[in-house]
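Student: Below: one structure in C-alpha cells.
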Amino acid sequence: MAIIYPDIYNHPEKYNTGNTQNHFNLRNNGTNINTPERIFSIAAGAFLCYSGLKSIFKSPISGISKVLAGSTLLSRGASGYCSLYQQLGADSTKPEVINIKQQLTVNKPREEVYQFWRKLENLPLFMRHIEAVQEKDAIHSHWKARFSKNTPPLSWTAEIVKEIPNHFIGWHSVKGSVIEHGGKVEFNDSLSGGTELQVVFSYHSPIGGIGTGVAKLLTPSLEKIIREDILYFKHFIETKKISEITGL
C-alpha cells in the first residue's frame, strides 16, 4: 500500500514563519488579511461612508473624516492588504505554526532508542505538554495535550505515515483534527557509538473558527518548552534503562 507523505515533510518551507518569508509572500499575492477581517472592514467602511455623506453638510469636518476613514476600510477590505500588518510582519491569512527541528546525540544504541520512540505512549514521560498518548492499533494513536494551564486539553488522532524500522518514524494528525500535528525522528549511528537523532515536531492551527482559538495557544513560550523537552530526552534516556521505561 502506497503511503502519501505529509506536506509538512516534503515542503518544510511552507512552515517558515519568519518575517522575511512573510514579506516575500506579501509581495507575491498582495494579501495579508483573512476573509472575516475583510468582510468586517467592508461593512464598517460602508457604514462610515454612508454616515459621513449623510452628515457632511451639517458637520463638514466630522463628515469628511468619516468618509476618509470609511474609504480606508473599504480599500483594506477590497484589497485584503494592510500596510501596518506588513510593517509588523503580520499575516492573518496564515494559521499560526510551531515547527521545531532539533538534533541531538544520545549514548544509547540506535535500535533501543528507536524502540522507545516507536512506542508513542512514551512521549509524555519527557514532554510536559503531552498528557497522554494511547495507541489504538499498529498505526493509529489518540493524543491528549495541554497547551496552557488556563485552557482545557486538546485531543486528536494521529497515524504513523512512514516507518523504516530502527531508522525512521513519522506521524501526522488525521484529517479533520482540531489541531494539525506532525512529527518525525531520524535515527543514525553516531561516531561515538551512540545514536544521532534528527527530530521535527510541529503544531499547525487549522483554518476557520476553531483554528483562531488554537492559534492563540501556539505561543513562543510553548515552543521553548517543547525545545527544552526534546533536549531533555538525552538526559532522560541515558539515565534510565530502556527496558524499565517501555516494559520490553
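Once you know that position 216 of the sequence shown is 1048 in the numbering used here, the rest is easy, because the numbers rise by one and skip nothing.
For every residue, glycine included, the Cβ atom is placed at its ideal position computed from N, Cα and C.
Consult DSSP for I888 and reduce its assignment to one of helix, strand or coil.
Tutor: For the purposes of this step, residue 888 is taken as residue 56 along the sequence shown, with counting starting at 1. In the structure shown, I888 sits in coil (DSSP, three-state: anything other than H, G, I, E or B).
Student: Any idea if N864 is buried or exposed, counting beta-carbon neighbours within 10 angstroms, 16 or more meaning buried?
Tutor: By 1-based counting over the sequence shown, the position of residue 864 is 32. Buried is the call here.
Student: Got a sec? Which residues, its chain only, sit under 8 Å from R908 by beta carbon, not counting five neighbours each side?
Tutor: As a first step, residue 908 must be located in the sequence shown, where it is residue number 76. Around R908: I865, R870, S873, G877, C914.
Student: Just to confirm, are K976 and I962 a CB contact at a threshold of 9 Å?
Tutor: Counted from its first residue, the sequence shown places residue 976 at position 144. Counted from its first residue, the sequence shown places residue 962 at position 130. Result yes, Cβ atoms of K976 and I962 sit closer than 9 Å.
Student: Taking the beta strand (DSSP E) that H972 falls in, what are its first and last residues?
Tutor: For this step, residue 972 is matched to residue 140 along the sequence shown. First-last of the beta strand (DSSP E) with H972: 972-977.
Student: Along the chain, where does the alpha helix (DSSP H) that runs through E1055 open and close?
Tutor: Looking up residue 1055 in the sequence shown gives position 223. Its alpha helix (DSSP H) spans residues 1052-1070.
Student: Based on the DSSP secondary-structure assignment, which residues constitute the bridge partners of G862?
Tutor: Position 30 of the sequence shown, counted from the first residue, corresponds to residue 862. G862 is not bridged to any residue.
Student: Quick check for students: name the residue ranges of the beta strand (DSSP E) that lie wholly in the stretch 1002-1027, counting only runs of 3 or more.
Tutor: 1012-1021
Student: Within a Cβ cutoff of 6 Å, which residues of the same chain sit near T852, ignoring the five residues on either side of it in sequence?
Tutor: The residue labelled residue 852 in the question sits at position 20 within the sequence shown. Note on T852: pLDDT 38, under 50, position unreliable in the model; the coordinate value appears next. If we look at T852 and ignore the five residues flanking it on each side, it has no Cβ neighbours.
Student: For D1021, does the count of other Cβ atoms within 10 angstroms reach 16, so buried, or fall short, so exposed?
Tutor: For the purposes of this step, residue 1021 is identified with residue 189 of the sequence shown, where counting begins at 1. Exposed is the call here.
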